[in-house]
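So the mapping is simple: the working numbering equals the position in the sequence shown, first residue as 1, plus 164.
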Amino acid sequence: MTATNHAINGVVIAIIVKKPELAIPLAFLSHFLADLVPHFNARSLSASRAKSFIAADVIIATGLTILLPLLLRHHLPVWITFVCMWAAMSPDIIWGWRFWRKKDINKVFTDQMSRLSRLHMKLQWSDTRQGFFVEAAWLAGMIYILISLTE
Ligand SMILES: [Zn+2]
Numbered sequence: 165m166t167a168t169n170h171a172i173n174g175v176v177i178a179i180i181v182k183k184p185e186l187a188i189p190l191a192f193l194s195h196f197l198a199d200l201v202p203h204f205n206a207r208s209l210s211a212s213r214a215k216s217f218i219a220a221d222v223i224i225a226t227g228l229t230i231l232l233p234l235l236l237r238h239h240l241p242v243w244i245t246f247v248c249m250w251a252a253m254s255p256d257i258i259w260g261w262r263f264w265r266k267k268d269i270n271k272v273f274t275d276q277m278s279r280l281s282r283l284h285m286k287l288q289w290s291d292t293r294q295g296f297f298v299e300a301a302w303l304a305g306m307i308y309i310l311i312s313l314t315e
């Protein structure tokens, strides 16, 4: 799933759960549950388009993670929504680290990796180009929930 969708999941969890001692671990776990949902695979694009898509996703997710906690009207300290958004995205940092080291998006997922990374990859049982539509619907649904929670 895109970093943007993981970030939105994190902020929604923060607002619903409210208690940071529960919300932060739930946001982290939400990453793996969300990865079970059929989603978009940037590797289905050409290498240059995949890099552009991933870069745009990371920029949008980072921007949202900085701005949403500050701009949303809710009754939580800003740090809780910020940390939950990062917690929800954080498991994918390993893919960014592996890409930085290997310089080849396909090697990120085919070269030797830890048991946890293999499990993380297996959870993403359906990542396809068509998954883009699922991601778009997921984003729209989560934005609707977010707006409903902050009105
Ligand atoms: Zn993931």
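For every residue, glycine included, the Cβ atom is placed at its ideal position computed from N, Cα and C.
In the structure shown, what three-state DSSP assignment does residue 203 receive?
strand
Please state the DSSP three-state secondary structure of residue 221.
Secondary structure at residue 221: helix, using DSSP grouped into helix, strand and coil.
Assigned secondary structure, residue 268 (DSSP; H/G/I helix, E/B strand, else coil)
Correct three-state label for residue 268: coil.
Return yes when at least one heavy atom of ligand 1 lies under 8 Å from the C-beta of residue 165, else no.
Yes - ligand 1 has a heavy atom lying nearer than 8 Å to the Cβ of residue 165.
Can you determine whether any heavy atom of ligand 1 sits closer than 8 Å to the C-beta of residue 288, and answer yes or no?
Indeed, a heavy atom of ligand 1 lies less than 8 Å from the Cβ.
Taking 8 Å as the cut-off, is the CB of residue 255 close to at least one heavy atom of ligand 1?
yes
For residue 275, which three-state DSSP category applies?
coil
Using a Cβ-based criterion (distance less than 8 Å to any ligand heavy atom), does residue 199 qualify as near ligand 1?
Yes; taking the cut-off as 8 Å, the Cβ of residue 199 has a heavy atom of ligand 1 nearer than that.
When the Cα atoms are used, what is the spatial distance from residue 306 to residue 176?
Their Cα atoms are separated by approximately 8 Å.
The alpha helix (DSSP H) spanning residue 313 covers which residue range?
295 to 314
What does DSSP give as the partner residue(s) for residue 291 in the beta ladder?
203
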